[in-house]
Amino acid sequence: MTKTFDSYPVDIDRDEFDSVAPDVVGIIPIEGNVAFPHIIFPVTIREEPHVKLVKDAIEHEGYIGVFTRNISILPDDKNDSEDLFETGVLCQILKFSQPSEGHPKVLLQGIDRIQISEFLKKNPFAIARVEVIHDGPYNMLQAEAYIRTISDLFQQIMALTPIFPEELQDVLFSIEEPAKLGDLIASALNIRISEKQSLLEESNVLRRLSRLVKMLKKELKLIELNAKIHDKVNTAISENQREFFLREQLRAIQNELGEGPEETDEVAEIRDKMSKIHLSNEAIDSINKELDRLGQMHPSSPEYTVSRNYIDWMLELPWGLYSKHSIKLSRAERILNEDHFGLEDIKDRILEFLAVLQLKPSAKSPIICFVGPPGVGKTSLGKSIARAMGREFVRFSLGGMHDEAEIRGHRKTYIGAMPGRIIQYIRRAGVQNPVIMLDEVDKIGKDFRGDPSSALLEVLDPEQNKDFRDNYLEVAFDLSRVTFLATSNTTHTIPDALLDRMELIHLPGYINPEKVEIAKRYLIPRQIEANGLKKGQVRFYDPVIEKIIDHYTFESGVRNLEQHIAKICRKLARKMASGTELKKFTITEKNIESFLGPRKIFNEDISKSDAIGVVNGLAYTAAGGDVLSVEAVIMKGSGNQKMTGQLGDVMKESVSTAISFLRSRATEFKIETERFKEFDIHLHFPAASIPKDGPSAGVSIVTAVASLLTERPVRHHFAMSGEITLQGKVLAVGGIREKVTAARRYGITDVILPESNRGDVEKTPDYVKEGIQFHYVKSVDDVFNLALNPKYD
76 MTKTFDSYPV DIDRDEFDSV APDVVGIIPI EGNVAFPHII FPVTIREEPH
126 VKLVKDAIEH EGYIGVFTRN ISILPDDKND SEDLFETGVL CQILKFSQPS
176 EGHPKVLLQG IDRIQISEFL KKNPFAIARV EVIHDGPYNM LQAEAYIRTI
226 SDLFQQIMAL TPIFPEELQD VLFSIEEPAK LGDLIASALN IRISEKQSLL
276 EESNVLRRLS RLVKMLKKEL KLIELNAKIH DKVNTAISEN QREFFLREQL
326 RAIQNELGEG PEETDEVAEI RDKMSKIHLS NEAIDSINKE LDRLGQMHPS
376 SPEYTVSRNY IDWMLELPWG LYSKHSIKLS RAERILNEDH FGLEDIKDRI
426 LEFLAVLQLK PSAKSPIICF VGPPGVGKTS LGKSIARAMG REFVRFSLGG
476 MHDEAEIRGH RKTYIGAMPG RIIQYIRRAG VQNPVIMLDE VDKIGKDFRG
526 DPSSALLEVL DPEQNKDFRD NYLEVAFDLS RVTFLATSNT THTIPDALLD
576 RMELIHLPGY INPEKVEIAK RYLIPRQIEA NGLKKGQVRF YDPVIEKIID
626 HYTFESGVRN LEQHIAKICR KLARKMASGT ELKKFTITEK NIESFLGPRK
676 IFNEDISKSD AIGVVNGLAY TAAGGDVLSV EAVIMKGSGN QKMTGQLGDV
726 MKESVSTAIS FLRSRATEFK IETERFKEFD IHLHFPAASI PKDGPSAGVS
776 IVTAVASLLT ERPVRHHFAM SGEITLQGKV LAVGGIREKV TAARRYGITD
826 VILPESNRGD VEKTPDYVKE GIQFHYVKSV DDVFNLALNP KYD
């Protein structure tokens, strides 16, 4: 069977086709539509022989005959070419497509009416000799009168029927030939196949147009009648609504007189459930109000469903249900040590938090926000806290949320309304005191639908969340016993009011020794089990794990490391599944590339020798610490500064500060003042596709420019970090642990840091600082004395 789609009502000029039509063509039968000359229409080919027929036609002249099946005489078990209408259309093949899935489609363009003279072949597809039916001569004045009537009727139909495209009217006015316009309108009409076929078979243009006028008048009357029926139905619905309101009033009067109807079994069942739940008085009143409405509504009413859904939500919430208080510090410490390696300061703070709850269960829990780069264990720490407290744990992702109703819910008057996510997760937890992890709190959006962060203020405020009101529930629900935790990659994008309600715990990135230990204790055993391997079947030595970390990952956490371990385990699992016997396999530094491919991470950003205008800066990114090169060059110009590398406003201001500082002390540093006026300075920060910002590059920038202007090389084994002022002071910066880790990874031997950060370095583990000499500075002069070679006198 071959099916046609709706034809495109486009007027086509026959001069685009060959003037001599073929007298022998292949036949494509269609159902459900009638093809007309001058129309472009697509056809789906569902039978394989017809696909071959189309391909053969394309290779020759590209013509094909399209005939409609006469369904009225087609038996169920018969499908041959003799059941076609005698008149069809000669078509030109414009396009043929054969997708990998689904049936092939062919785009055809009607040319002329044709009749089958004789079938030359019937199987597997039909080929016939055809005769073109030309339109006979006709009276143009009479035809013009028909066309005006036809156009007027069809425009009325289009005005009442939205299915016709707007451009069809423009096409109507552009066609001047009566026969073409008649065919176009006939193809667009939604009439019976037999009526369309009769128009196709009529070769006399005037009779064809006359018949089309009658069909259009009939169609217009049907459309108008249909509109009247719709109006009557709408009126009847309004009457039904009026009757419903009158019945509601009658029921209210009956209730006042004590003659109201008895409660249904459904309402009685709901009241029985209410008696077994510790509902608040406000919740009881709200449910009773909905039950009264429910008893007076018909079950098929839309309002009935709204009320029933509301009652179901109210009854499914864990009113007065709490997890048993079971905090024991020894157990909590054991759980934290089992689940997480290192992070001693963070564990101590969590144990302090749990100790307070153990001594005073009614104490209001602080909202702890874990801040750190991806993959360092922020979310898993929340799970461990819930396990240590014996509470249910639910995770609520806030990333990309823009709609305030996601927090507060929608009012139940809206179609499809439901409570906000907080209430949804409370129901999912099944208790009123779960641990709720607000994940990615720094990625909350804000637009015309509201500000979700403002809605969170009420949720997280201990003074307000005791009576949290969801827009859907419209009753107070106690959230004061919920322990809220949050995670964030940064604090810069968290609104101040929300940040003020949270206690921040910063999780530093892991350093290599910690990553190796985490891989051995957690990641490797987990991936061996996850990939169907046995314990002890795969062995990773420490140097191999370090090589994976240094050569294939660049992150503060261990998520990417676990992905590479999983990749190795999958390849070994494939070998075993293919029949290779694998009793014990050791991953070595020699065979690691066969599993993970060539090395991906190279420490090529730092200079290998002393150079003018090139400084190694230390940066703290979302992926942890890194060494950021600062490059400066000077050229003839007019005293302008150019900065490249996707710099933020703070870094641009650091450049301006550095230039102004050097100009103010040019004589002292033996810099010719003309160089600031007659030369341009270009500062570039490599890895240009990555946005960069922050004040800690100040000392690196001023050192690079000073090296450039004084022509003193910078010692390549030095790296530095610190903010500068116009007076030349060096101020403290953050992320010291991560920056020191990056310096060690890149082979830096000397690190310059602000004197104010000496305490941060002392807190950094010794194995991180091994092999690095630290130089603490208070001013830019100290930096120049250390980093510029030779030293500044």
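Per the numbering used here, the sequence shown starts with residue 76, numbered consecutively.
Glycine residues also receive a C-beta, built at the ideal position from the N, C-alpha and C atoms.
Sequence-distant residues of its chain with Cβ nearer than 7 Å to residue i (five each side left out)
i, result
"Leu661", "The amino acid at residue 661 is misidentified as Leu; the sequence shows Thr. Only Arg614 meet the Cβ criterion."
"Gln748", "Correcting the residue type first, residue 748 is Thr in the shown sequence and not Gln. Answer for Thr748: Ala741, listed in chain order."
"Leu636", "Lys590, Ala594, Leu598, Ile623, Ile624 and Thr628"
"His792", "Ile823, Thr824 and Asp825"
"Val619", "Ile662, Thr663, Glu664 and Ile667"
"Pro766", "Gln721 and Gly723"
"Gln190", "Glu161, Thr162, Val205, Glu206 and Ile208"
"Lys487", "Val381, Tyr385 and Tyr547"
"Ser398", "Gly465, Arg466, Glu467, Val506 and Asn508"
"Asp553", "Gln507 and Lys541"
Closest by C-alpha distance to residue i, when choosing among the options
i, options, result
"Leu473", "Leu243, Glu538 and Asn564", "Asn564"
"Asp158", "Val129, Glu106, Pro174 and Leu165", "Glu106"
"Thr800", "Ile620, Lys422 and Leu737", "Leu737"
"Leu573", "Val534, Ile746 and Ile102", "Val534"
"Val708", "Tyr616, Phe744, Val689 and Pro240", "Val689"
"Val126", "Val510, Pro104, Asp306 and Ile359", "Pro104"
"Leu281", "Asp210, Leu863 and Ala686", "Asp210"
"Gln231", "Ser405, Leu195, Ala254 and Lys293", "Lys293"
"Phe111", "Leu264, Tyr138, Leu275 and Phe239", "Leu275"
"Ser401", "Phe428, Pro393 and Gly465", "Gly465"
"Val516", "Val510, Gly505, Ser528 and Phe428", "Ser528"
"Thr562", "Arg601, Arg645, Val506 and Ile443", "Ile443"
"Glu830", "Glu193, Val805 and Asn691", "Val805"
"Ser262", "Ser653, Tyr851, Ser278 and Phe239", "Phe239"
"His113", "Gln173, Gln612, Lys255 and His135", "Lys255"
"Ser775", "Gly712, Phe849 and Phe859", "Phe859"
"Val129", "Gln612, Pro199, Val730 and Arg188", "Pro199"
Alpha-carbon to alpha-carbon, residue j and residue i
i, j, result
"Asp856", "Pro448", "34 Å"
"Tyr385", "Leu560", "29 Å"
"Ala35", "Asn715", "Residue 35 is absent from the model: the chain starts at 76 and stops at 868."
"Arg470", "Ala302", "53 Å"
"Leu434", "Lys403", "10 Å"
"Leu259", "Leu216", "20 Å"
"Lys518", "Met476", "8 Å"
"Thr224", "Met290", "12 Å"
"Tyr83", "Lys727", "Its pLDDT being 43, under 50, Tyr83 is placed unreliably in this model, and the coordinates cannot settle the point."
"Gly699", "Ser405", "32 Å"
"His485", "Gly495", "7 Å"
"Ile410", "Ala463", "6 Å"
"Leu861", "Ile586", "27 Å"
"Leu783", "Ile687", "6 Å"
"Thr785", "Ala694", "25 Å"
"Ile490", "Pro377", "10 Å"
"Lys752", "Ile734", "12 Å"
"Arg674", "Gly846", "25 Å"
"Phe116", "Lys180", "11 Å"
Neighbourhood of residue i by C-beta, 6 Å cutoff - its chain only, sequence neighbours within 5 removed
i, result
"Thr839", "Arg812 and Val815"
"Pro865", "none"
"Ala807", "Pro829, Ser831 and Asn832"
Neighbourhood of residue i by C-beta distance below 8 Å, restricted to the same chain and skipping five residues each side
i, result
"Arg383", "Leu369"
"Val431", "Ala438"
"Lys853", "Lys804, Val805, Pro829 and Glu830"
Within-7 Å CB hit, residue i to chain E
i, result
"Asn356", "The structure shown has no chain E; it contains just one protein chain."
Unbroken alpha helix (DSSP H) runs of length 4 or more, entirely within the segment 202–284: which are they? Within the segment 202–284, the complete alpha helix (DSSP H) runs of at least 4 residues are 215–235, 242–249, 253–263 and 268–276.
Please determine if the segment 499–511 and the segment 583–600 are in contact, where contact requires at least 3 C-beta pairs separated by less than 8 Å. In this structure the segment 499–511 does not lie against the segment 583–600, because fewer than three pairs of beta carbons, one per stretch, are closer than 8 Å.
For the segment 711–727 against the segment 755–766, are there 3 or more C-beta pairs whose distance is under 8 Å? These segments touch.
Curious, which full-length alpha helix (DSSP H) runs of at least 4 residues does the segment 597–633 contain? The segment 597–633 contains these whole alpha helix (DSSP H) runs: 599–605 and 617–627.
Is the segment 455–467 in contact with the segment 412–422, if contact means three or more CB pairs nearer than 8 Å? Touching, yes, given that three or more Cβ pairs across the two stretches are closer than 8 Å.
Between the segment 158–170 and the segment 183–190, can you find at least three pairs of beta-carbon atoms closer than 8 Å? These segments touch.
Could you tell me which uninterrupted beta strand (DSSP E) segments, each at least 3 residues in length, are contained entirely in the segment 736–810, listed from first to last along the chain? The qualifying runs are 754–759 and 793–795.
May I have a chain-ordered list of the alpha helix (DSSP H) segments no shorter than 4 residues that lie completely inside the segment 394–476? Every alpha helix (DSSP H) stretch that sits fully inside the segment 394–476 and reaches 4 residues is listed by chain position as 404–414, 419–434 and 453–464.
Report the start-end ranges of each alpha helix (DSSP H) in the segment 506–554 that is 4 residues or longer and not cut off at the edges. Entirely contained in the segment 506–554, the alpha helix (DSSP H) runs reaching 4 residues are, in chain order, 527–535.
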